[in-house]
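2 protein chains.
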Amino acid sequence: MTPRLVIVGGSDAGISAALQARKCAPDVQVQVIYADAYPNFSVCGLPYYIGGAVSDWPLLAHRTAAELEAAGITLMPQAVAEAIDPSRQIVWVQARGQRQALPYDQLVIATGAKPIAPPIPGLELPGVFMLHTIDQGRAIRGYLEAYHPRRAVVVGAGYIGLEMTEVLVERNIAVTLLEQAPAVLPTVDLELGQLLTSYLEGKGVSVHCRTRVTAIEPTSDGLMVHSLEGGRFPADLVMVVVGVEPDTGLAKAAGARTGIRGAIAVDFAMRTSLPHVFAAGDCVETYHRLLRRPVYLPLGTTAHKQGRVAGENAVGGSRHFAGSLGTQVVKLFDWAIARTGLREDEAKAWGVAARTVAVEAWDHKSYYPEAELLHLRVTFDRTTHRLLGAQMVGPWRAAVAKRIDVMATAISCELSLRDVENLDLSYTPPLGTPWDPWQIAAEVGQESVERAP
Amino acid sequence: MTPRLVIVGGSDAGISAALQARKCAPDVQVQVIYADAYPNFSVCGLPYYIGGAVSDWPLLAHRTAAELEAAGITLMPQAVAEAIDPSRQIVWVQARGQRQALPYDQLVIATGAKPIAPPIPGLELPGVFMLHTIDQGRAIRGYLEAYHPRRAVVVGAGYIGLEMTEVLVERNIAVTLLEQAPAVLPTVDLELGQLLTSYLEGKGVSVHCRTRVTAIEPTSDGLMVHSLEGGRFPADLVMVVVGVEPDTGLAKAAGARTGIRGAIAVDFAMRTSLPHVFAAGDCVETYHRLLRRPVYLPLGTTAHKQGRVAGENAVGGSRHFAGSLGTQVVKLFDWAIARTGLREDEAKAWGVAARTVAVEAWDHKSYYPEAELLHLRVTFDRTTHRLLGAQMVGPWRAAVAKRIDVMATAISCELSLRDVENLDLSYTPPLGTPWDPWQIAAEVGQESVERAP
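Take a look at the structure:
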């Protein structure tokens, strides 16, 4: 009989698993169950659909349903997986008003994450939105087009908060950005966060850090966001984007072991604690390549990789997930902000004597037109001089995203500061400098340890 | 007594050596002898000065003479080193009409390269230029401004030939580009060279490959370039840029051992065969990181690195040059062309069973505006699946230069195709794809060996 692979979840991890399973085992029967109508959509693109750079939501599909079906995948849209019976190898699915038992030989859970709803009143008010699904994205764009809000409050200055700030400003909406932490984008160092705050203010954004939102209330002409610090921020639109948590109800009810932040525990093969059940993506713990232990780091790139591993192993493969470094980049107007590896505080919490050097350097020879200044931070082990992390802020046209990838590769390969200085990187005056900015930072770091180990 | 370090050559390698020596040993007396009036100039920037993007030649200085002197370096401009007496540790220098003996404790030879003058008549004609020195660059720009040539022939489609083609076209000069090889830029694969030929033709350049120039003759209204194949190419300006060779007369006369292509032989510490004599930059053999043997690969980045190693070791250090991968990038109008490591033919000549896969991939999610197609080639060992080389052609705004650096880092670290697929690289829809183009190419390579090892 044809082996049956059932996948719960039609986003990055689920579809990657399905495609890889079909590629490795063309005879396997692959069914993908998903609760909405959007298989294989790029939820990372939602801010750009809301902003209008992406004209319509169907464009956000990585692949169309027809393409997935042509790859031999059976799609079950608007189907909610209600329960897993791991002993009988059955998923109970609610679809089109009916409950049906779907038998599986192997199962992949790819239920993703859900946005965190902070415990404050007012989240249900019209004009207040969270953002994680295509439906939410469509609702926000519909609201913008129907009501033309003039004032927005964005609660949370993480990646999505910054992206939403950009696209709302570009729609000529006055944006107030509220963040609990001392600076925006707490995933990078405070110094860079402060730089970003100034940059946002230069774009007309009203930025309030160390601000904890306590309530959202309706007013006669819209909404009012209240903070514990006594701030009152009027708005016509409020975006609550304070992070995500793993969506693990299904897996937990079936008895799957969970770990950090409640995410599903998996091994390197993406196996859960349940027999014949794999899991991948934003619902699972992610192995950290430097820390060598699981963390919760929900990222699209990781979901694709874990899905591919789960799909291959579910059909008899023996592939391992190599781990994440938390490499991330976000575009913010003309800038990009990128990081990989550990910040100094993360490295110290891990027990490593870390040091960070900060450098500013030109992206290319300054005699050639349009040279741009890049802000770099490199964190390294003071004893071994091994790289631990890197951060960069600068104009995205100066290749910030790919520059961080050089360091992500270097950190993966356990390079030291001196190793970075020795790399043979490319140079031509319009596109680089004879010593790459990372090499300049590595030299500064090396000198700092030679002066004061 | 203060130790005396004498450096012959005031370009990248010489000045890097001088600066590093002063940094490591602030008490050392450092003298830099150079034949022209331009210490520490960026000769790589000459095409952009000739084209006009760089308004005046003094801007091409990496550092001013005053900055170098402030770093404790004694400059001897317009001083020609005529001979080295290694037994007496003396350099004979001709300067300001006088010959003087300059004693040294350690010597660094950084005499660089000189342009190859092909054995054809007509090189001395007015309007015929080679390009390697600041004086040559100034002469060409002066000629352009005085005579406003309408037609140029560029002989040689290497890096400098392509750069000169671009800047001449941008000055509204009709350019004919002649190249002996079957395609332009023979440092990349033929397929990419052919792509570049079409691109150049789209910019109005008349490209003739498999064309060997035999003579340049004066005519009633300018110059005529003749080829062995019977071509006749009229011009008002002819650029002869067919490569460089190491400038080693001084070192050879002193008895220094030379090696490949006549370049000065050096060890990892950049020591020559002569006691107390180091050498660095375009005049020396360069250790190749993959081939693990010396090659001749004159590049500015390498000159900087070798100079730093020579300067540090000349004052008692013990640093090693880590080697080159031949990483290079050139801008050509809106495109950049980059390579690192070995081409398949180079790998095969080295005795490795190599294979190359070609991939086209978007630089960022195609639903976001202005996505650009990149052309990639990845060469790998068919047996071990280890990376050997990578090449990319695409719009330079799509970060081609930094994308090649990711692969230069990966090759340095001896990564395999699967290792590349496992790298945790950055992603956001406006600046990348969930699987980076190199990862897509690595997967295609991996599948090719699984299908047919």
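Those protein sequences? They're chains Z and A, same order as listed. With the working numbering applied, the first sequence corresponds to residues 602 to 1054, in that order. With the working numbering applied, the second sequence corresponds to residues 602 to 1054, in that order. C-beta atoms are modelled at their ideal positions from N, C-alpha and C, and glycine is treated no differently.
Item: Rounded Cβ spacing between Gln907(A) and Ala622(A) (contact assumed at less than 8 Å); Value: Contact flag wrong, Cβ pair sits at about 14 Å.
Item: Cut-off 8 Å between Cβ atoms - residues of its own chain near Glu961(Z), not counting five sequence neighbours on either side; Value: Leu974, Leu975, His976 and Leu977
Item: Limits of the unbroken beta strand (DSSP E) element including Tyr888(A); Value: Thr887 to His889
Item: Buried versus exposed call for Gly713(Z) [16 or more other C-beta atoms within 10 Å across all chains shown]; Value: buried
Item: Listed by chain order, chain Z residues near Gln707(A) by CB distance under 7 Å; Value: Going along chain Z, no residue has its Cβ under 7 Å from Gln707(A), so there is no contact; the nearest lies around 22 Å.
Item: Neighbourhood of Val916(A) by C-beta distance below 6 Å, restricted to the same chain and skipping five residues each side; Value: Ala622, Cys625, Ala626 and Val629
Item: Straight-line gap, Cys810(A) to Val785(A) (C-alpha atoms, nearest Å); Value: 7 Å
Item: 8 Å Cβ cutoff met for Pro996(Z) and Asp1037(Z); Value: no
Item: Counterpart residues of Val729(Z) in DSSP-defined beta bridges; Value: Val839(Z)
Item: Near-chain A residues of the segment 1002-1015 of chain Z (beta-carbon distance less than 8 Å), N- to C-terminal order; Value: Ala1002, Lys1003, Arg1004, Ile1005, Asp1006, Val1007, Ala1009, Thr1010, Ala1011, Ser1013 and Cys1014
Item: Through-space distance from Asp1006(Z) to Leu791(Z), alpha-carbon basis; Value: 22 Å
Item: Residues near Ile717(A) by beta carbon distance below 7 Å, same chain, minus five either side; Value: Val843, Gly844, Val845 and Glu846
Item: Proximity winner among Gly831(A), Glu830(A) and Pro835(A), relative to Ser821(A) (alpha-carbon distances); Value: Pro835(A)
Item: Amino acids of chain Z, ordered along the chain, whose beta-carbon sits closer than 8 Å to that of Trp997(A); Value: Pro1031 and Leu1032
Item: Anticipated Cβ contact below 8 Å, Val770(Z) with Lys804(Z), distance rounded; Value: 6 Å
Item: Range covered by the alpha helix (DSSP H) that runs through Gln690(A); Value: Taken as a continuous stretch (DSSP letters only), Gln690(A) belongs to no alpha helix (DSSP H), as it is neither H nor E.
Item: Nearest-angstrom Cβ-Cβ length linking His733(Z) and Val644(Z), presumed shorter than 8 Å; Value: 7 Å
Item: Beta-carbon neighbours of Asn914(A), restricted to chain Z and to distances below 7 Å; Value: Per Cβ cutoff of 7 Å: no residues; Asn914(A) is ~15 Å from chain Z at best.
Item: Residues near Leu926(A) by beta carbon distance below 7 Å, same chain, minus five either side; Value: Arg890, Leu891, Thr941, Gly942, Ala1009, Ile1012 and Ser1013
Item: When Leu900(Z), Val910(Z), Leu796(Z) and Ile741(Z) are compared against Tyr1028(A), the one with the closest alpha-carbon; Value: Leu900(Z)
Item: Chain Z residues whose Cβ lies nearer than 7 Å to that of Trp1036(A); Value: His905
Item: Meets three-Cβ-pair contact criterion under 8 Å: the segment 979-994 of chain Z and the segment 1017-1036 of chain Z; Value: yes
Item: Which of helix, strand or coil DSSP assigns to Asp822(A); Value: coil
Item: Chain-ordered residues of the segment 633-647 of chain Z with a beta carbon less than 7 Å from chain A; Value: Ser643, Cys645 and Gly646
Item: Residues bridged to Pro847(A) (per DSSP); Value: Ala714(A)
Item: Proximal residues, the segment 888-901 of chain Z versus chain A, C-beta separation under 8 Å; Value: Arg890, Leu900 and Gly901
Item: Option nearest Arg664(A) by Cα separation, candidates Ser617(A), Gly832(A) and Thr812(A); Value: Ser617(A)
Item: Arg1052(Z) - DSSP class collapsed to helix/strand/coil; Value: helix
Item: Local conformation of His965(Z) per DSSP, three classes; Value: coil
Item: Cβ of Ser1017(Z) within 8 Å of any chain A Cβ; Value: no
Item: Helix, strand or coil at Arg752(A) [DSSP, three-state]; Value: strand
Item: Reference Tyr705(A); option with closest CA among Glu947(A), Arg1052(A) and Val633(A); Value: Val633(A)
Item: Coarse secondary structure for Val1087(A), derived from DSSP in three states; Value: The structure shown does not extend to residue 1087(A), since chain A is modelled only from 602 to 1054, so the question has no answer here.
Item: Proximal residues of chain A, C-beta to C-beta of Ala969(Z) below 8 Å; Value: Note on identity: in this sequence residue 969(Z) is Tyr, with Ala being the wrong assignment. Per Cβ cutoff of 8 Å: Gly646, Tyr649, Ala654 and Val655.
Item: Limits of the unbroken beta strand (DSSP E) element including Arg940(A); Value: Trp936 to Gly942
Item: Exposure label - Lys1003(A); buried when at least 16 CB within 10 Å; Value: buried
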